[in-house]
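This report refers to the structure that appears directly beneath it.
Protein chains in written order, with our numbering: chain S, 4 to 116; chain H, 84 to 199.
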């Protein structure tokens, strides 16, 4: 019940296209859903995060769509660029307790020029 | 703001030696710090949660006597890998959460440990 399932495992998108990565969770106590971007040999960097009281959040080219009833959320990268090529992780945590992050399995995104 | 540093960035050691990794929050106070381990092409695996001034809480399957965590101040946590073996070779990443600022965690750049 603590798992966050992420798909696809890898994704190739043409420059200028839309990259879409999906995540699903089971634990309804999760109330914070961040997305992280990680380049090889570096630590993850927070891209954007959402709480379940909204269905969508947009920051620049990055948008999170959140479906509370389906327990799913997704990251959309508009106008994808080669510099967006990285591994993306979704995560979830609860407001109570240690607020530990539970990570998805990761998606390796490649943007072809 | 919200910068987390790790030192060293890369370390190579011989089997049987101990290695200490430092994690610092540079511009905020972190009441809670987390230590993760990441194998190539895999996700981050939480090893332990540490709160300033108290003992760390280890995740199931993580040996607390092998991975010693100290969180002596609000800006510094250390992870010591004792009697390291080749299977301990991995990418170790820390994160820090500011005071009562909610769930957000800020990650360090990671430390690549190679045990020969």
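Here a beta-carbon is modelled for each residue, glycine too, at the ideal position from N, C-alpha and C.
None of these values were measured; they are calculated from a predicted model.
In whole angstroms, what separates the C-alpha of residue i from that of residue j?
i, j, result
"residue 141 (chain H)", "residue 147 (chain H)", "7 angstroms"
"residue 76 (chain S)", "residue 97 (chain H)", "44 angstroms"
"residue 71 (chain S)", "residue 54 (chain S)", "10 angstroms"
"residue 175 (chain H)", "residue 37 (chain S)", "20 angstroms"
"residue 17 (chain S)", "residue 114 (chain S)", "5 angstroms"
"residue 121 (chain H)", "residue 190 (chain H)", "13 angstroms"
"residue 42 (chain S)", "residue 192 (chain H)", "10 angstroms"
"residue 149 (chain H)", "residue 99 (chain H)", "11 angstroms"
"residue 90 (chain H)", "residue 102 (chain H)", "11 angstroms"
"residue 117 (chain H)", "residue 124 (chain H)", "20 angstroms"
"residue 62 (chain S)", "residue 51 (chain S)", "7 angstroms"
"residue 13 (chain S)", "residue 134 (chain H)", "36 angstroms"
"residue 87 (chain S)", "residue 112 (chain S)", "8 angstroms"
"residue 39 (chain S)", "residue 91 (chain S)", "6 angstroms"
"residue 80 (chain S)", "residue 126 (chain H)", "21 angstroms"
"residue 86 (chain H)", "residue 104 (chain H)", "17 angstroms"
"residue 19 (chain S)", "residue 85 (chain S)", "9 angstroms"
"residue 27 (chain S)", "residue 68 (chain S)", "12 angstroms"
"residue 157 (chain H)", "residue 109 (chain H)", "10 angstroms"
Just the chain B side, please: which residues come within less than 8 angstroms of residue i by C-beta, in chain order?
i, result
"residue 176 (chain H)", "Of the chains in the structure shown, none is chain B; the protein chains are S and H."
In chain H, what lies closer than 8 angstroms to residue i by C-beta?
i, result
"residue 103 (chain S)", "117, 129, 132"
"residue 86 (chain S)", "Correct list: empty, because the minimum Cβ distance to chain H is about 18 angstroms."
What residue range is occupied by the uninterrupted beta strand (DSSP E) comprising residue i?
i, result
"residue 54 (chain S)", "Per DSSP, residue 54 (chain S) belongs to no beta strand (DSSP E) and is neither H nor E."
"residue 170 (chain H)", "Where residue 170 (chain H) is concerned, there is no enclosing beta strand (DSSP E), given that its DSSP letter is neither H nor E."
"residue 134 (chain H)", "127-134"
"residue 97 (chain S)", "89-97"
"residue 105 (chain H)", "102-108"
Using a Cβ cut-off of 9 angstroms, pull out every chain S residue sitting near residue i, in sequence order please.
i, result
"residue 150 (chain H)", "Near residue 150 (chain H) there are no residues of chain S at all, since even the closest Cβ is about 16 angstroms away, more than 9 angstroms."
For residue i, I'd like the list of residues in its chain whose CB is within less than 6 angstroms of its CB, leaving aside the five on either flank, ordered along the chain.
i, result
"residue 197 (chain H)", "95, 172"
"residue 109 (chain S)", "90, 92"
"residue 59 (chain S)", "68"
"residue 48 (chain S)", "40"
Could you name the residues of chain H that residue i contacts, counting a contact when the two beta carbons are closer than 9 angstroms?
i, result
"residue 83 (chain S)", "Those do not exist, as residue 83 (chain S) stays about 21 angstroms from chain H at its closest Cβ, beyond 9 angstroms."
"residue 40 (chain S)", "The contacting residues do not exist; residue 40 (chain S) stays about 11 angstroms from chain H at best."
"residue 76 (chain S)", "Ordered by position in chain H, no residue passes the 9 angstroms Cβ test against residue 76 (chain S), which lies about 15 angstroms from the chain."
"residue 52 (chain S)", "186, 187"
Given that residue i touches chain S, what residues does it touch there, using C-beta distances under 8 angstroms?
i, result
"residue 180 (chain H)", "102"
"residue 126 (chain H)", "92, 106, 107, 108, 109"
Identify, in the order they occur along the chain, each residue of the same chain with its Cβ nearer than 7 angstroms to the Cβ of residue i, setting aside the five sequence neighbours on each side.
i, result
"residue 182 (chain H)", "112, 114"
"residue 102 (chain S)", "96"
"residue 11 (chain S)", "110"
Specify whether the stretch 157-168 of chain H and the stretch 87-107 of chain S touch according to this definition: at least 3 beta carbon pairs, one from each stretch, less than 8 angstroms apart. no
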